[in-house]
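Numbering (the working numbering), first residue to last: 195 to 712.
No residue lacks a Cβ here, since even glycine has one placed at the ideal position from N, Cα and C.
Only one structure is covered here, and it is reproduced in the block below.
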């Protein structure tokens with residue numbers, strides 16, 4: 195619209211997204227310069243300063259101390275008076291520590307009917323009934339002292355060496371920084387063992403070499419004894435001290451894996467119902483579009499999988515803080531809802547003990563991308579969980595046994611979070627990113643979902659799907675959600691992701707470490 199003085203007025207819908215009618219802020223879809231005139235339902239705004247793309251624009255005057263709403267929820271308190279049209283960010287928006295009201299099971303949802311006809315994927319059926327999406331050999335280390343030897347063994351099977359075994363996805367060394375000096379029976383020791391055992395029984399491994407030094411506090415045998423490891427999973431163990439040193443161990447390990455290769459290569463993918471899939475949901479390098487494009491589109495795909503009897507794992511406890519009241523309303527029981535609140539309370543104490551708070555979470559990159567408080571970040575992050583009921587809450591790396599949407603207590607740090615999700619049994623991971631995370635997570639494929647077109651085009655070799663089309667107006671949320679759902683099935687059936695083509699995901703195995711080291 196051009197005015198008589200030659201200036202123009204831009205309708206709000208052409209330059210920003212107002213997510214709820216009563217929201218106090220809109221998210222810009224392009225950079226807006228100072229002096230820009232924006233037409234809203236309440237009248238015309240004149241921007242007093244620049245507002246970057248994907249950041250927040252005040253659509254009404256806000257007084258200091260008042261709650262600022264986005265997604266229909268408070269994302270913080272104004273720290274000064276804010277005029278309509280102003281940029282709302284760290285300079286004028288702070289944390290809202292108000293207590294939230296918790297309800298349990300008051301917003302449960304009946305999901306759409308399952309797919310008809312029933313959907314299947316091509317997977318590896320294991321003897322214990324689980325179905326893998328990949329056929330890897332894992333070199334699992336009990337202690338950091340065996341890490342170098344494990345990497346030396348795995349390096350012998352890179353590139354052309356495996357060309358003769360096309361049905362084996364690779365040999366991956368899973369090394370870490372612990373395994374000794376731990377207090378036996380402590381939370382830290384138990385968490386490490388639970389993580390390693392979760393990987394040992396993962397259906398994406400057809401063969402395992404469990405490698406230790408020989409004198410560590412986490413013995414090699416403790417990682418496989420009593421586990422539900424499929425009887426058709428080939429398991430071998432070695433310790434460096436008993437085998438005769440590093441060189442002898444590398445030779446012995448290489449020989450054992452060479453014996454596994456033809457056996458595992460003879461296995462074939464066969465149809466399995468998608469109800470056997472376990473989907474991990476994670477986000478990293480989030481921006482102002484994460485909660486508008488990729489996260490809700492992934493939530494739509496997750497709901498489709500859950501409706502078909504599958505399982506989705508939401509995680510990153512510090513990144514649901516501020517939105518946990520929305521999840522408790524979807525809990526199948528008060529007990530499940532209270533388990534989530536117990537984990538939130540634990541994190542508050544954990545953060546205080548470290549001299550911080552949960553509002554420390556938005557990283558500099560998150561803030562550069564338009565996010566301001568943990569409340570805003572969390573409200574966008576939980577969109578990955580769609581609308582399904584919350585059926586269970588698990589501790590870090592616990593085996594996930596309930597179907598449907600579940601929650602796992604993990605840190606927000608991506609490699610540690612995804613390691614826990616995979617240890618819990620995730621056979622496919624969908625990872626949303628606005629700034630451009632490149633994380634892989636072998637033996638589980640990671641599908642990268644870009645929240646905005648600009649980043650997708652800049653990092654196209656690292657991304658799998660451009661969800662930024664939702665903001666661009668070239669695709670609807672349901673269209674992108676359906677695309678994600680179909681890609682999950684295709685990847686589960688063997689289609690390679692960008693991170694797999696780059697051979698990422700070995701060094702990103704990082705179990706959560708905490709507690710006393712002696």
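Residues bridged to residue i [DSSP beta-bridge criterion]
i           : result
residue 637 : The partner list for residue 637 (beta bridge, DSSP) is empty, contrary to what the question assumes.
residue 267 : 264
residue 205 : 233
residue 326 : 318
residue 659 : 643
residue 483 : Partner(s): none; residue 483 has no beta bridge.
residue 477 : 626
residue 506 : 473 and 599
residue 281 : 251
Nearest residue (CA-CA) to residue i, options the options
i           : options               : result
residue 551 : 623, 392, 568 and 675 : 568
residue 596 : 470, 494, 260 and 411 : 470
residue 337 : 346, 434 and 217      : 434
residue 392 : 560, 349, 668 and 638 : 638
residue 253 : 212, 290 and 268      : 212
residue 708 : 316, 258 and 373      : 373
residue 283 : 558, 670 and 656      : 558
residue 340 : 305, 276, 706 and 440 : 440
residue 631 : 658, 419 and 712      : 658
residue 405 : 366, 467, 654 and 676 : 366
residue 298 : 518, 544, 386 and 673 : 518
residue 500 : 541, 379, 467 and 510 : 467
residue 511 : 521, 502 and 505      : 521
residue 607 : 574, 592, 652 and 554 : 554
residue 346 : 232, 354, 328 and 368 : 368
Residue i CB to nearest heavy atom of the ligand SAH below 6 Å
i           : result
residue 531 : Questions concerning the ligand SAH fall outside what the structure shown contains, since it holds no ligand whatsoever.
Residue range of the unbroken beta strand (DSSP E) whose run includes residue i
i           : result
residue 400 : 399-406
residue 319 : 314-319
residue 625 : 622-627
residue 468 : Taken as a continuous stretch (DSSP letters only), residue 468 belongs to no beta strand (DSSP E), as it is neither H nor E.
Under 7 Å between C-beta atoms of residue i and residue j
i           : j           : result
residue 610 : residue 514 : no
residue 481 : residue 581 : no
residue 710 : residue 377 : yes
residue 301 : residue 523 : yes
residue 414 : residue 395 : no
residue 333 : residue 403 : yes
residue 548 : residue 635 : no
residue 241 : residue 228 : yes
residue 579 : residue 474 : no
residue 488 : residue 645 : yes
residue 584 : residue 573 : no
residue 654 : residue 666 : no
N- and C-terminal bounds of the alpha helix (DSSP H) containing residue i
i           : result
residue 227 : No alpha helix (DSSP H) contains residue 227, which DSSP labels as neither H nor E.
residue 393 : 381-394
residue 654 : From DSSP, residue 654 is part of no alpha helix (DSSP H); its letter is neither H nor E.
residue 250 : Residue 250 -> not in any alpha helix (DSSP H); beta strand (DSSP E) instead, spanning 250-252.
residue 679 : 671-686
residue 444 : 440-459
residue 544 : 528-547
residue 430 : Residue 430 -> not in any alpha helix (DSSP H); beta strand (DSSP E) instead, spanning 428-433.
residue 346 : 341-349
residue 559 : 558-562
residue 493 : 488-501
residue 573 : 568-575
residue 614 : 608-617
At least three beta-carbon pairs within less than 8 Å, the stretch 350-361 to the stretch 452-465: Yes: at least three Cβ pairs fall under 8 Å.
Meets three-Cβ-pair contact criterion under 8 Å: the stretch 438-454 and the stretch 516-527: No contact exists between the stretch 438-454 and the stretch 516-527.
contact_flag[the stretch 416-427, the stretch 624-631] where n(CB pairs < 8 Å) is 3 or more: The stretch 416-427 makes no contact with the stretch 624-631, as fewer than three CB pairs between them are under 8 Å.
The stretch 288-297 touching the stretch 254-271, judged by at least three CB pairs closer than 8 Å: Yes, the stretch 288-297 touches the stretch 254-271.
Three-pair Cβ contact test at 8 Å for the stretch 548-567 versus the stretch 476-496: Segments in contact, yes.
Given 8 Å, three or more beta-carbon pairs between the stretch 689-701 and the stretch 630-649: Taking a cut-off of 8 Å for Cβ pairs, the stretch 689-701 and the stretch 630-649 touch, as three or more such pairs fall below it.
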